[in-house]
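If you're matching positions, the sequence shown starts at 981 in my numbering and goes up one per residue.
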Amino acid sequence: MNSVKGTKDVLPNNSYIIKYVESVVDEVAKSFYLKEIRTPILEYSSLFKRAIGSDTDVVSKEMFEFDDRAGRTLCLRPEGTAGVVRALIESGLYRNKINRLFYKGAMFRAEKPQKGRLREFHQIGVEIVGDESVYADIDVIMFNIMLLDKLGIRDYELRINSVGCPECRKSYLLKLKEYLSPHLVHMCDTCNKRFETNVLRVLDCKEEKCRKIISSVPTIIDSLCNNCKTNFNNVISLLEINKVNYKIDPMIVRGLDYYNNTVFEIHHSSLGAQSAIAGGGRYDGLFSQFDPKINKFAVGSAIGFERLLILLEELELTKNIKDYSLDYYLVIQEGVNPEKPFEIMKNIRKAGMSIITSGPDRISKQLKDADKLGARFVLIFGEDESKNNTITLKDMSNGRQFTYLIDEFLSYIMRI
Ligand SMILES: [Zn+2]
Ligand SMILES: [Zn+2]
């Protein structure tokens, strides 16, 4: 039996790395006063058709979609934002002035599996809903940056752009079309199609022949209206105040209509060609796409969990992360009453330390097992100990042994 293509087991020998990264995520989220939201992996397909659009690759080619027994079309969520928006509307929480949220969880896309890109992958997302201020944009960016910093990841690059508001984008799209139309004959089929359906996405094309033409398109920043220009300048000056290195990248457009103003990506050169680790932006137009009566400001981002793990490996940062070890191994000699040993185990576990036993057996065999497991201490409860109400402690680092009265040992454990 094999695992499903593009999925990966997390085995016990590296699950502690994942748990560590998650604990850092929780810590950073708390420091930004972001509350966790967990939405189902299973959603109606129509949710993503509405949120992302049926003509996008994600929805038209990459969703794991199927009909349930009642004939409803469901899918495994391909991204996190749509579910969060649905949950806020369904629960009525969207009526709060501001919702500051984060999530972490599995997403599914039927892409060609490659390094750092699985079909079941995980994202850590942030959504700040209801806050118009550019300070919210900065918070979203700084969350990602602080997470990278706390994990010890340096030398990332923040690339930032503005896609303006619907008004200034309209005039930009005209300019873009005007520039591209004489070049279309030299461009790929996808670009020709996108020229008609969503011309902004032409800028995403990776084909050599198209790249050359795209590299000199007019930039959207030059077409921003006064409001959007001020907004962008404010974001930039706040990045400077926060001493964040950034690069203005006019090619970042996140070709979905509901994005406006700030858009950004974070890249790291150690990831190779697929160097993006996080991306996000402002999408004030998304809520009204669900319900025209609901207008909410919103800004968010998602960071790729598997990419984070690759970076930690590549930069040799995992060696600083330690798994927990076995504190005690309890050796019980054959034939003794196990009542006292169980009392000791219970109290050691209550005190937050680990202890295991494999039950009565020969002492020498159990000592070998304890050594193999790397136990720090062995507790021996043999015939003598049973007779005298004592327990023998062996320090496995130096082989030294001490015998204690059980009551004394227990009161010592309970003080820890
Ligand atoms: Zn504008
Ligand atoms: Zn192209």
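Positions of the beta carbon are idealized from the N, C-alpha and C atoms, including for glycine. Keep in mind it's a predicted model, so treat the numbers as computed, not measured.
Spatially closest choice to residue i from the options, by CA coordinates
{"i": "Ile1121", "options": "Glu1137, Ile1274, Val1233, Asn1368", "result": "Glu1137"}
{"i": "Arg1342", "options": "Ala1350, Gln1313, Glu1363", "result": "Gln1313"}
{"i": "Ala1031", "options": "Gly1265, Ala1350, Ala1282", "result": "Gly1265"}
{"i": "Leu1385", "options": "Ile1371, Gly1315, Gly1105, Leu1022", "result": "Ile1371"}
{"i": "Asn1207", "options": "Val1008, Ile1017, Glu1147", "result": "Glu1147"}
{"i": "Thr1061", "options": "Arg1080, Asp1047, Asp1048, Ser1338", "result": "Arg1080"}
{"i": "Tyr1308", "options": "Asn1275, Ile1200, Phe1277, Gly1354", "result": "Gly1354"}
{"i": "Asn1178", "options": "Lys1157, Lys988, Pro1093, Val1039", "result": "Lys1157"}
{"i": "Phe1357", "options": "Gly1096, Lys1367, Phe1382", "result": "Phe1382"}
{"i": "Tyr1013", "options": "Leu1289, Thr1298, Arg1234, Asp1119", "result": "Asp1119"}
{"i": "Arg1018", "options": "Ala1067, Lys1130, Lys1302, Leu1289", "result": "Ala1067"}
{"i": "Cys1205", "options": "Val1243, Gly1063, Gly1144", "result": "Gly1144"}
{"i": "Thr1036", "options": "Cys1171, Val1165, Leu1236", "result": "Leu1236"}
{"i": "Gln1103", "options": "Ala1256, Leu1373, Cys1055", "result": "Ala1256"}
{"i": "Ala1258", "options": "Ile1232, Asn1275, Phe1270, Asp1303", "result": "Ile1232"}
{"i": "Ala1350", "options": "Glu1363, Ile1393, Ile1336, Gln1254", "result": "Ile1336"}
{"i": "Asn1241", "options": "Leu1292, Ile1201, Val1004", "result": "Ile1201"}
{"i": "Val1311", "options": "Val1008, Ser1344, Ile1360, Pro1272", "result": "Ile1360"}
{"i": "Ser1161", "options": "Glu1363, Gly1260, Ile1069, Cys1190", "result": "Cys1190"}
{"i": "Leu1027", "options": "Glu1294, Ser1217, Phe1270", "result": "Phe1270"}
{"i": "Ser1025", "options": "Phe1285, Asn1225, Glu1187, Asp1047", "result": "Asp1047"}
{"i": "Glu1187", "options": "Ser1196, Ser1151, Cys1171", "result": "Cys1171"}
Residue i CB to nearest heavy atom of ligand 1 below 7 Å
{"i": "Asn1213", "result": "no"}
{"i": "Asn1207", "result": "yes"}
{"i": "Glu1158", "result": "no"}
{"i": "Gly1144", "result": "yes"}
{"i": "Leu1154", "result": "no"}
{"i": "Leu991", "result": "no"}
{"i": "Leu1204", "result": "yes"}
Proximity test, residue i beta-carbon vs ligand 2 heavy atom, cut-off 7 Å
{"i": "Met1167", "result": "yes"}
{"i": "Cys1171", "result": "yes"}
{"i": "Glu1187", "result": "yes"}
{"i": "Cys1055", "result": "no"}
{"i": "Cys1148", "result": "no"}
Residue burial classification, residue i (beta-carbon count within 10 angstroms, cutoff 16)
{"i": "Met1167", "result": "buried"}
{"i": "Met1087", "result": "buried"}
{"i": "Pro1058", "result": "buried"}
{"i": "Phe1267", "result": "buried"}
{"i": "Ser1142", "result": "buried"}
{"i": "Asn1369", "result": "exposed"}
{"i": "Val1182", "result": "buried"}
{"i": "Gly1379", "result": "exposed"}
{"i": "Pro1321", "result": "buried"}
{"i": "Glu1107", "result": "buried"}
{"i": "Lys1326", "result": "exposed"}
{"i": "Arg1052", "result": "exposed"}
{"i": "Leu1154", "result": "exposed"}
{"i": "Lys1084", "result": "buried"}
{"i": "Phe1082", "result": "buried"}
{"i": "Asp1111", "result": "buried"}
{"i": "Ser1203", "result": "buried"}
{"i": "Pro1077", "result": "The displayed chain sequence assigns Lys, not Pro, to residue 1077. The residue is exposed, with fewer than 16 neighbouring Cβ atoms inside 10 Å."}
{"i": "Thr1210", "result": "exposed"}
{"i": "Ala1282", "result": "buried"}
{"i": "Ser1366", "result": "buried"}
{"i": "Glu956", "result": "No statement about residue 956 is possible, as the shown extent of the chain runs from 981 to 1396 and does not include it."}
{"i": "Ala1116", "result": "buried"}
{"i": "Ala1278", "result": "buried"}
{"i": "Val984", "result": "exposed"}
{"i": "Val1109", "result": "buried"}
{"i": "Leu1022", "result": "exposed"}
Below-8 Å beta-carbon distance, residue i vs any chain B residue
{"i": "Thr1036", "result": "This model lacks chain B altogether; it includes just one protein chain."}
beta-carbon residue i near ligand 3 non-hydrogen atom, thresh 7 Å
{"i": "Asn1076", "result": "Among the ligands in the structure shown, ligand 3 does not appear; only ligand 1 and ligand 2 can be found there."}
For this session: Please list the segments of the alpha helix (DSSP H) lying wholly inside the segment 1177-1237, counting only runs of 4 or more residues, in order along the chain.
Result: 1188-1194, 1206-1221
For this session: Run through the segment 1103-1186 for me and flag every whole beta strand (DSSP E) of 3 or more residues, listed as ranges in chain order.
Result: 1136-1142
Problem set entry | Every unbroken alpha helix (DSSP H) within the segment 1292-1343, with a cutoff of 4 residues, ordered by chain | You should have 1319-1330.
For this session: Entirely within the segment 1024-1105 and at least 3 residues each: give me those beta strand (DSSP E) ranges in chain order.
Result: Counting only unbroken stretches of 3 or more residues, the beta strand (DSSP E) elements lying wholly within the segment 1024-1105 are 1045-1047, 1053-1056, 1079-1088, in sequence order.
Exercise. Fully enclosed by the segment 1254-1286, which alpha helix (DSSP H) runs are 4 residues long or longer?
Worked result: 1266-1270
Problem set entry | Residue ranges of each alpha helix (DSSP H) within the segment 1345-1369, 4 or longer | 1363-1368
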